[in-house]
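J.:
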Amino acid sequence: MDSTVSFKKYRFANTMLEYTAAGMAIFDAQELRLLEANTPYIDFVAAIHTSQDEPPFAPGASLLDCQDSEGGRRIVSICREVIASKQPHHVKEEMNVNALGEITYWSWTLTPILDEQGNVTHIVQTLNDVTAQVEARQQAEEARQQLSHANEVLEKERKRLEVVEAVARWVRETLDSARIGQIAMDIIETHFDTITACIHTAHPEQRAFKLLCASRPHDFAPEGLKLMDYMPYEQLGLTKGVLTQHEPIVVEDLQIAAEEGRLNWNSPLVRLGTRGYVCVPLWFGDQLEGTIVASFRSPVSSSGPEVHALVGMGTHIAAALAHARLHATIEKERTRLRAVLDQLPEGILIAETSGGAISYANPAAAQILGISTEEITCIPLHRHSWLRTGIETTREGRPLPPWNFIAIRALSGETFTGKEATVMQPDGRRIVTLASCAPLYSERGLMTGAVIVLQDVTAQKTLEQHKNEFFSIANHELRTPITVIQGFSEILQLRTSQENSFDKLTLYAITNIVEQSHHLTHLIEEMLDISRIEQTQFKLDYTPCNLLSLLKHVFDSQSSVSRLHRFTFQLEGVQETDIIPTYLDEQRIVQVFNNLIGNAIKYSARDSTIEIGLKHAAERSQEVLIWIKDEGIGIAAEDIPHIFKRFHRARNVDRSHSGFGIGLYLVKEVVTQHRGRVWVDSCEGEGSTFYVTLPLAASI
Ligand code: ADP
């Protein structure tokens with residue numbers, strides 16, 4: 250049989266075979282001898298030729314001669330199989346390492362060629378270099394693996410975010426710490442394979458953690474339960490670090506920790522067979538709010554998803570717990586404040602800027618307004634009944650405003666203290682109150698409302714009215730007899746100066762009667778002045794006046810009458826002949842100076858100096874300043890704020906200092922009505938200086 254195959258009938262077959270990328274060769278089926286091969290095949294055979302010493306496998310060589318190598322034996326056996334089965338053999342991919350260590354991949358096929366009788370006469374081998382495809386596939390595989398790893402990481406991160414997001418979503422709106430804890434527990438149980446999990450809240454004042462909520466197995470050791478419920482800082486073992494550190498405490502495997510002696514075998518968690526353990530401190534800023542602890546059936550890693558998720562959750566839980574804690578503190582304070590406000594005898598109301606609604610009224614307010622607290626809060630401020638005609642009047646004679654008018658002004662930003670106002674109760678009763686109002690501002694400075702304090706002074710007002718009436722009646726009744734006594738005693742005194750028939754005792758008695766009746770008249774005058782002031786009938790009669798000559802006149806008369814003290818007259822920046830133009834009620838201003846000089850005489854020892862002075866007020870050029878300075882008993886610091894009040898006498902005055910405590914009250918009233926000011930500088934035991942300022946007139 251001709252062992253060569255003729256391709257003659259194919260004119261370009263050989264050329265085509267030469268230029269194809271695939272290697273092709275033909276073997277005879279009997280001796281497996283290489284009959285013909287194209288160049289790619291020859292190159293391949295050369296390339297896979299691993300040994301330099303062996304001759305290359307060239308046309309004419311038989312595969313049967315290559316059987317000492319494993320590769321040779323394999324190819325012969327495959328060829329025999331192909332011949333026997335008459336079926337082609339295909340190898341999809343085969344790696345080849347050449348003598349230089351270079352790796353290539355090939356796919357090859359052995360195809361039987363049959364004669365007309367169906368016998369295999371030849372075997373055609375085709376070879377394809379699939380290195381590029383294999384490498385591409387390998388790279389794709391590698392990329393796929395990387396992708397799947399990235400997916401795994403992503404999936405873990407997604408799960409972590411899901412847990413954190415779930416916690417954030419649920420705890421955000423909750424102000425109840427127990428509920429926050431329960432939400433966190435539910436989420437931990439759903440997402441992790443935990444054995445126990447718990448949240449503790451920190452109580453720095455007790456230096457202990459208290460259990461907020463926990464999930465634990467039924468057979469959890471009772472001593473473990475006790476330990477979990479209340480954990481003094483001093484007794485913290487594994488979790489001691491949370492008091493200072495912000496990072497979680499992670500024990501990757503409690504069992505190993507116990508084996509290594511880092512943990513006690515008797516620890517309840519170890520006995521439960523717990524492996525991984527994580528404790529996350531819950532810090533909100535600088536404040537440790539508590540801890541979240543979870544123990545797992547499997548070991549955990551510090552960088553594992555459990556730790557990351559718990560840390561992420563921890564941030565939200567800490568914030569929610571801090572929020573809840575602050576809310577509870579505010580609520581507690583609010584309740585306490587409410588209790589205090591409810592107990593106050595003054596009526597307290599809080600009005601809101603929006604619509605003037607009253608959001609709070611205490612029982613005293615309800616009593617003053619004559620309606621229940623519930624009703625008060627239903628009626629906006631401007632709808633509360635108010636008086637159309639002012640029956641009550643202020644000291645200045647103006648009608649008293651209704652209380653809610655003052656409150657409405659407070660809502661526009663004004664502040665009032667002790668302003669008299671009336672309340673009209675539903676039954677028509679009128680209540681006089683002292684109303685104090687102030688606007689309320691939010692932290693950002695926005696006005697949110699106003700607080701109104703009402704003090705019922707109806708009783709005092711009535712009493713005062715009765716007292717004033719009594720005063721004025723009594724004064725009028727006293728004035729007539731005392732004028733008579735004074736008149737007759739002065740007639741008698743005149744007679745004593747004309748006749749010598751009076752004995753010493755009579756003379757002494759007459760002088761005393763004159764003096765005391767003068768004193769009494771003065772007192773009655775002062776009392777009358779007070780009731781005039783109370784009843785707003787204290788009228789001043791202003792005329793142009795040279796204040797300097799007026800003061801000098803008072804000084805001369807006082808210094809000539811009271812010879813027991815040294816009097817000095819001081820002028821600063823002013824000449825004695827100067828005119829100090831003022832517009833005032835001369836009589837009343839003389840009364841002011843007399844009162845002040847009279848006090849200086851009364852409250853200082855004989856022979857001490859009393860200085861009366863005048864100058865232009867330094868800080869206000871339109872004012873003149875007068876001072877009366879003594880070296881007397883002085884006034885204690887705690888008395889000074891009250892010295893100008895009615896009937897107030899300092900503690901250091903005794904029975905030897907006659908008086909009622911009216912003089913300075915009148916002084917202040919007169920000076921204030923003149924648009925002047927009066928004050929005192931004094932030190933107990935060292936003397937006092939009373940200052941009076943009065944406004945200057947343009948000219949007189
Ligand atoms: P009276 O002198 O009648 O008590 P005043 O109203 O004039 O009433 O004075 C009120 C109080 O002020 C006096 O009781 C006294 O305690 C104190 N006081 C007034 N002037 C002086 C003064 N020059 N030195 C010390 N204390 C004074």
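Residues in the sequence shown are numbered consecutively from 250, following my numbering.
Idealized CB from N, CA, C, for every residue including glycine.
Assuming residue 760 contacts residue 731 under a Cβ cut-off of 8 Å, what Cβ separation, rounded to an integer in Å, is found between them?
T.: Position 511 of the sequence shown, counting from 1, holds the residue named residue 760. Position 482 of the sequence shown, counting from 1, holds the residue named residue 731. Not a contact, Cβ separation roughly 17 Å.
J.: Considering only heavy atoms of the ligand ADP, does any lie closer than 7 Å to the CB of residue 897?
T.: Position 648 of the sequence shown holds residue 897. The answer is yes for residue 897.
J.: Does the structure place the segment 576-589 close enough to the segment 668-678 that three or more beta carbon pairs sit under 8 Å?
T.: Flag = no, the segment 668-678 and the segment 576-589 do not touch.
J.: Verify whether the separation of the beta carbon atoms of residue 660 and residue 629 is less than 8 Å.
T.: On the sequence shown, position 411 is the one that residue 660 refers to. On the sequence shown, position 380 is the one that residue 629 refers to. Not closer than 8 Å, so no.
J.: Per DSSP, which one or two residues make a beta bridge with residue 608?
T.: The residue labelled residue 608 in the question sits at position 359 within the sequence shown. Answer is none; residue 608 lacks a bridge partner.
J.: Looking at the ligand ADP, does it come within less than 7 Å of residue 823, judged from the CB to the closest heavy atom?
T.: As a working mapping, residue 823 is identified with position 574 in the sequence shown. Result no, Cβ not under 7 Å from the ligand ADP.
J.: State the DSSP-derived secondary structure class of residue 946, mapped to helix, strand or coil.
T.: Numbered from its first residue, the sequence shown carries residue 946 at position 697. It is coil, neither helix nor strand.
J.: Residue 610: beta carbon under 7 Å from a heavy atom of the ligand ADP?
T.: As a position in the sequence shown, residue 610 is number 361, starting the count at 1. No, Cβ of residue 610 sits at least 7 Å from all heavy atoms of the ligand ADP.
J.: When you compare each of 290, 550, 841 to residue 268 by their alpha carbons, which one comes out closest?
T.: Your numbering for residue 268 matches position 19 in the sequence shown. That would be 290, whose Cα lies nearest to the Cα of residue 268.
J.: Determine the closest residue to residue 340 out of 910, 317, 377, 349, with distance taken between C-alpha atoms.
T.: Numbered from its first residue, the sequence shown carries residue 340 at position 91. Per the Cα distances, 377.
J.: What do you get for residue 805, buried or exposed, if any count of 16 or more other CB atoms within 10 angstroms of its CB means buried?
T.: Sequence index remark: in the sequence shown, residue 805 carries index 556 (1-based). Burial call: exposed.
J.: First and last residue of the beta strand (DSSP E) that includes residue 797?
T.: Within the sequence shown, residue 797 is the residue found at index 548, counting from 1. From DSSP, residue 797 is part of no beta strand (DSSP E) but of the alpha helix (DSSP H) over 796-810.
J.: Okay, do the segment 934-943 and the segment 836-852 touch, 3+ Cβ pairs below 8 Å being the bar?
T.: Counting Cβ pairs under 8 Å, three or more are found: they touch.
J.: Is the segment 907-920 in contact with the segment 765-783, if contact means three or more CB pairs nearer than 8 Å?
T.: Because the criterion of three Cβ pairs below 8 Å is met, the segment 907-920 and the segment 765-783 touch.
J.: Could you tell me whether the segment 427-437 touches the segment 555-574, using the rule of 3 or more Cβ pairs below 8 Å?
T.: Verdict: yes, contact present.
J.: Between the C-alpha atoms of residue 448 and residue 402, what's the straight-line distance to the nearest angstrom?
T.: The sequence position of residue 448 within the sequence shown is 199, counting from 1. The sequence position of residue 402 within the sequence shown is 153, counting from 1. Whole-angstrom Cα-Cα distance: 28 Å.
J.: What is the rounded straight-line gap between the Cα of residue 415 and the Cα of residue 663?
T.: In the sequence shown, counting from the first residue as 1, residue 415 sits at position 166. In the sequence shown, counting from the first residue as 1, residue 663 sits at position 414. Straight-line Cα distance between these residues: approximately 49 Å.
J.: Leaving out five residues on either side along the sequence, give the residues of the same chain with a beta carbon under 6 Å from the beta carbon of residue 638.
T.: By one-based count along the sequence shown, residue 638 stands at place 389. Residue confidence is low: residue 638 scores 45 on pLDDT, short of 50, so the model does not pin down where it sits. No coordinate-derived value is stated.
J.: For residue 296, which residues from the same chain have a beta carbon less than 6 Å from its beta carbon, with the 5 sequence-adjacent residues on both sides left out?
T.: Your numbering for residue 296 matches position 47 in the sequence shown. Excluding residues within five positions, the ones whose Cβ falls inside 6 Å are 347.
J.: Using a Cβ-Cβ cut-off of 7 Å (strictly less than) and excluding sequence neighbours within five positions of residue 699, which residues of its own chain qualify?
T.: Residue numbering aside, residue 699 sits at position 450 when the sequence shown is read from its first letter. Closer than 7 Å at Cβ, skipping near neighbours: 600, 656, 659, 660, 686, 687, 688, 689.
J.: Which residues in the same chain as residue 946 place their Cβ atom closer than 7 Å to its Cβ, once the five residues preceding and following it in sequence are excluded?
T.: In the sequence shown, residue 946 corresponds to position 697, counting from 1. Around residue 946: 793, 830, 831, 832.
J.: What's the call for residue 486, buried or exposed, on a 16-neighbour Cβ count within 10 Å?
T.: The residue given as residue 486 occupies position 237 in the sequence shown. Exposed.
J.: If you measure between the beta carbons of residue 379 and residue 356, is that distance less than 8 Å?
T.: On the sequence shown, position 130 is the one that residue 379 refers to. On the sequence shown, position 107 is the one that residue 356 refers to. Cβ distance < 8 Å, so residue 379 and residue 356 count as in contact.
J.: Within the present structure, is the beta-carbon of residue 827 separated from the nearest heavy atom of the ligand ADP by less than 7 Å?
T.: Your numbering for residue 827 matches position 578 in the sequence shown. No - the ligand ADP has no heavy atom lying nearer than 7 Å to the Cβ of residue 827.
J.: With a threshold of 7 Å (Cβ to nearest heavy atom), would residue 816 be considered close to the ligand ADP?
T.: Taking the first residue of the sequence shown as 1, we reach residue 816 at position 567. Incorrect: residue 816 has no Cβ contact closer than 7 Å to the ligand ADP.
J.: Once DSSP output is grouped into helix, strand and coil, what is the label at residue 936?
T.: What you label residue 936 is simply residue 687 of the sequence shown in a count that begins at 1. Residue state, collapsed to three classes: strand.
J.: Compute every distance between the C-beta of residue 937 and the non-hydrogen atoms of the ligand ADP, then say whether any falls below 7 Å.
T.: The sequence position of residue 937 within the sequence shown is 688, counting from 1. Yes.
J.: If contact is defined by three or more beta carbon pairs under 8 Å, each pair taking one atom from either stretch, is the segment 508-523 in contact with the segment 407-422?
T.: Verdict: no, contact absent.
J.: Tell me the DSSP secondary structure of residue 931 in three-state form.
T.: Start at 1 with the first residue of the sequence shown, and residue 931 comes out as number 682. Strand, per DSSP.
J.: Keeping to the same chain, check which residues put their C-beta closer than 8 Å to that of residue 683; ignore five residues upstream and five downstream.
T.: For the purposes of this step, residue 683 is taken as the residue at position 434 of the sequence shown. So the qualifying residues of the chain are 667, 668, 669, 670, 703, 704, 706.
J.: Relative to the alpha-carbon of residue 530, which residue among 515, 492, 547 has its alpha-carbon at the smallest distance?
T.: Walking along the sequence shown from the start, residue 530 turns up at place 281. Of the candidates 515, 492, 547, the one whose C-alpha sits nearest the C-alpha of residue 530 is 492.
J.: Can you tell which of 387, 609, 476, 390 has the C-alpha that lies nearest to the C-alpha of residue 517?
T.: Along the sequence shown, read from residue 1 onward, the residue named residue 517 stands at position 268. Closest option to residue 517, Cα to Cα, is 476.
J.: What did DSSP end up calling residue 884 once you bin it into helix, strand or coil?
T.: Here residue 884 refers to the residue found at position 635 when the sequence shown is read from its first residue. Correct three-state label for residue 884: coil.
J.: Please classify residue 397 as buried or exposed, where buried requires at least 16 neighbouring CB atoms within 10 angstroms.
T.: Along the sequence shown, read from residue 1 onward, the residue named residue 397 stands at position 148. Exposed, since its Cβ has fewer than 16 Cβ neighbours within 10 Å.
J.: How many angstroms separate the CA atom of residue 514 from the CA atom of residue 504?
T.: Taking the sequence shown and counting its residues from 1, the one referred to as residue 514 is at position 265. Taking the sequence shown and counting its residues from 1, the one referred to as residue 504 is at position 255. Straight-line Cα distance between these residues: approximately 8 Å.
J.: Give me the Cβ distance between residue 859 and residue 853, rounded to the nearest whole Å; I'm assuming they're in contact under 8 Å.
T.: Translated into the one-based positions of the sequence shown, residue 859 becomes position 610. Translated into the one-based positions of the sequence shown, residue 853 becomes position 604. Confirmed, about 7 Å.
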